[in-house]
Amino acid sequence: MGALIFAAKMALVALPNVNINCVLIILTAVFFGWKALYSVAIYIMLEGLVFGFGMWWFCYWYLWPIITVIAVIMRKNDSAVIWAVIAGIFGLSFGALCSIPYLFIGGWEMAFSYWVSGIPFDVIHCCGNFVFTLVLYKPLYKVMNSLINRAKI
């Protein structure tokens, strides 16, 4: 699943902050529970190997597990709308959460300016996460459920 999440990200890499990572991580957590953290770790490692190991990469080590933990806790939820809202909020808060290390590097001014400068990208991230999750959650859920059930036979 980690490689699939990375491949899906690469398929949409030309569109800044528009990807289906969030809905795939949510579905991985829904189906595999805490084991989804392994997939997230693989995804993060692949990101670093391809795009480099900048400050953003270190942020991924706590950002993507946050949505994974939320999804594991809420895995009994079956509403695409609720998942879309959660994914949208996650996308909108991505920059704020990513600014945390800058508190320690340059103080609140640096963290705040980093966050504010990225708000347009966070809005795009929010909208993309919301729409993709709303549209893809149910169909991908059915496909994953079918594949998992077929594998158990």
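The sequence shown begins at 170 in the working numbering and counts up by one. Using N, Cα and C, we set each Cβ at its ideal position, and we do this for glycine too. Please read all numbers here as calculations on a predicted model, not as lab measurements.
Residue i in three-state terms, based on DSSP
i, result
"F175", "helix"
"M243", "coil"
"G287", "coil"
"N188", "coil"
"M214", "helix"
Inter-residue CB distance, residue i and residue j (contact presumed, cutoff 8 Å)
i, j, result
"C323", "L261", "Only positions 170 to 322 of the chain appear in the structure, and residue 323 is not among them; the question remains open."
"R244", "A198", "6 Å"
"E216", "F175", "7 Å"
Option nearest residue i by Cα separation, candidates the options
i, options, result
"I242", "Y283, S315, A205", "A205"
"M214", "A180, M170, A198, N188", "M170"
"F259", "G276, L305, I235, V250", "I235"
"L184", "G221, T237, G297, N246", "G297"
Residue i classed as buried or exposed, judged by whether at least 16 other C-beta atoms fall within 10 angstroms
i, result
"I195", "buried"
"V209", "buried"
"I189", "buried"
"I255", "buried"
| Is it a yes or a no for the segment 314-321 touching the segment 278-292, going by three-plus beta-carbon pairs under 8 Å? | As far as the Cβ criterion goes, the segment 314-321 does not touch the segment 278-292, which means the pair count is below three.
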